[in-house]
Amino acid sequence: MAYDEELAQRIHDLLEREPGVTSRKMFGGLGFMVDGHMAVAAGSQGSLMVRADPADAEAWVDGESVNPMEMRGRPMTGWLLVAPEALVDDEQLQLWVDRGVGHARSLPPKET
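Under full-length UniProt numbering, the first residue of the sequence shown is numbered 1, with each subsequent residue one higher.
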């Protein structure tokens, strides 16, 4: 299933002035990279994949609108899936995008 283009545009609008941001299609979504590290991705049906420090991510999971990310039935440590109902307004989306970008910026530089 293709990614949610409206969500992807909203993310793009939030990140357009952020240095080092690129985007590319991956995992059926549109990933937003910060200095080569994936930070967030627009998924299908309005969901947002967020990269997070595993210690923080555990505290943010509520079992309803925020859950650990799974791929092919396997948990992906350090990744969260945020449901569309938790992203209704731009302030909510900004919170999650900031969390993903903040974690991506904390990672060691990618070697080129």
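Using N, Cα and C, we set each Cβ at its ideal position, and we do this for glycine too.
In the structure shown, residue 41 falls within a strand segment according to DSSP collapsed to helix, strand and coil. Spatial neighbours of residue 66 in its own chain (CB-CB distance under 8 Å, excluding positions within 5 residues in sequence) are listed in chain order as 60, 80, 81, 82, 83, 86. A straight line joining the alpha-carbon of residue 98 with that of residue 40 spans about 9 Å. DSSP places residue 66 in the strand class (E or B) of the three-state scheme. Straight-line spacing of the CA atoms in residue 34 and residue 27 works out to 17 Å.
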